[in-house]
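A.B. asks: Take this structure, written in structure tokens, and hold onto it; I'll ask about it next.
Numbering (UniProt numbering), first residue to last: 1 to 319.
Encoded structure:
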């Protein structure tokens with residue numbers, strides 16, 4: 001296999017490794033710089049999923065963290081779904097949610113497709129994935145090497161994709177695996193044994209790009225060069241402090257705005273914030289920093305916004 005991101009045993013980032021040592025991790029965890037988050041925030045937005053959509057209509061609902069419901073070409077698609085109380089391998093420890101999902105699991109419509117960008121616990125929540133498989137039997141699409149985790153959890157209706165490979169979901173949509181700058185691991189012994197990616201979702205008149213988890217790199221320009229117009233980009237804006245530890249794998253809001261510009265997106269929506277405390281920044285800092293970055297780069301704030309937990313917007317293709 002001739003690959004610019006796989007050496008025969010492990011996957012890697014083509015330009016920046018992003019690898020950190022145990023010493024780096026210890027230095028960060030003992031730095032004492034972590035801001036205090038509230039234990040719980042009540043969702044105040046009253047969600048209203050569309051009762052119906054015309055065949056050419058699309059809608060986007062922010063559920064939490066990196067989880068969106070994308071209603072597109074008659075399909076209901078979930079990205080990196082997590083409904084569990086913790087983003088962790090165990091139920092009794094690890095990052096605990098401070099907000100409930102904006103949409104209750106029981107309120108979900110029939111789910112046809114689930115996109116899983118990589119195997120970190122805040123993105124591949126197997127409790128949620130098993131529940132989705134049992135309830136809806138959707139197709140799961142994930143990068144190379146992640147299928148064995150799904151199989152171990154009784155999920156067999158899946159497809160693995162390498163970067164730039166694609167899968168046609170009938171005639172309704174095409175799913176394209178796109179590069180990201182990140183890494184993978186679920187244990188101390190499987191680092192980078194599975195790939196990480198974003199996904200582009202396309203039909204005949206619209207492209208939605210879900211960036212997964214990513215540091216800032218030139219792959220955003222490459223995505224724009226390969227795919228052309230991006231109607232909507234879903235970009236991470238949180239879990240970025242301290243920069244010396246996180247920069248290679250998590251964008252900050254300023255870099256996310258640059259990614260928006262690199263992609264040439266008509267509209268970007270922020271994600272990966274305000275649900276689980278994974279890093280040092282305060283709960284509201286990503287939103288404040290996003291506003292500042294938009295102003296400094298002279299980008300209209302309506303072109304890159306966040307949604308309330310449970311908020312739905314209608315998507316329209318470029319005219």
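The C-beta atom is built at its ideal place from N, Cα and C for all residues, glycine as well.
Counting only the same chain and skipping the five closest in sequence on each side, list residues whose C-beta sits under 7 angstroms from that of residue 294.
C.D. replies: By 1-based counting over the chain shown, the position of residue 294 is 294. Here residue 294 has 257, 301 and 304 as same chain residues with Cβ atoms under 7 angstroms from its own Cβ, once five neighbours each way along the sequence are excluded.
A.B. asks: Please give me, in chain order, every unbroken run of the beta strand (DSSP E) with length at least 3 that falls completely inside the region 148-235.
C.D. replies: 158-161, 166-169, 173-178, 198-202 and 207-210
A.B. asks: Can you check DSSP and say which residues form a bridge with residue 71?
C.D. replies: For this step, residue 71 is matched to residue 71 along the chain shown. 59 and 76, per the DSSP bridge assignment.
A.B. asks: Exposed or buried, residue 215, counting other C-beta atoms within 10 Å across all chains shown (16 or more means buried)?
C.D. replies: Along the chain shown, one-based indexing puts residue 215 at 215. It counts as buried.
A.B. asks: I need the DSSP call for residue 36, collapsed to helix, strand or coil.
C.D. replies: Counting from 1 along the chain shown, the entry for residue 36 is found at position 36. It is coil, neither helix nor strand.
A.B. asks: Measure how close the beta-carbons of residue 173 and residue 184 come, nearest whole angstrom, since I'm counting them as under 8 angstroms.
C.D. replies: The sequence position of residue 173 within the chain shown is 173, counting from 1. The sequence position of residue 184 within the chain shown is 184, counting from 1. Wrong, their Cβ atoms sit about 25 angstroms apart, outside the cutoff.
A.B. asks: Going by the CB atoms, is the gap between residue 17 and residue 117 shorter than 8 angstroms?
C.D. replies: One-based indexing of the chain shown puts residue 117 at position 117. One-based indexing of the chain shown puts residue 17 at position 17. Not closer than 8 angstroms, so no.
A.B. asks: What alpha helix (DSSP H) runs, 4 residues minimum, are completely inside the region 5-53?
C.D. replies: Qualifying alpha helix (DSSP H) stretches, in chain order: 22-29.
A.B. asks: To test your reading of the DSSP string, which unbroken alpha helix (DSSP H) runs of 4 or more residues are found completely within the region 65-141?
C.D. replies: 126-136
A.B. asks: Could you give the distance in angstroms between the alpha-carbon of residue 143 and the alpha-carbon of residue 160?
C.D. replies: Locating residue 143 in the chain shown gives position 143, where the first residue counts as 1. Locating residue 160 in the chain shown gives position 160, where the first residue counts as 1. In a straight line, the C-alpha of residue 143 is about 5 angstroms away from that of residue 160.
A.B. asks: Considering only DSSP beta bridges, list what residue 268 is partnered with.
C.D. replies: On the chain shown, residue 268 is found 268 positions in, with the first residue counted as 1. Per DSSP, 233 and 304.
A.B. asks: Report yes or no: do three or more beta-carbon pairs, one from the region 224-242 and one from the region 262-281, lie closer than 8 angstroms?
C.D. replies: yes
A.B. asks: Have a look at 225, 9 and 60 and flag the residue whose alpha-carbon is nearest the alpha-carbon of residue 179.
C.D. replies: As a working note, residue 179 is residue 179 in the chain shown. Residue 225 is the option with its Cα nearest to residue 179.
A.B. asks: Examine the ligand ZN and report whether any of its heavy atoms sits within less than 7 angstroms of the Cβ of residue 124.
C.D. replies: The model on display carries no ligand, and the ligand ZN is accordingly not part of it.
A.B. asks: Quick one: what does DSSP say residue 278 is sitting in, helix, strand or coil?
C.D. replies: Counting from 1 along the chain shown, the entry for residue 278 is found at position 278. The answer is coil: DSSP assigns residue 278 none of H, G, I, E or B.
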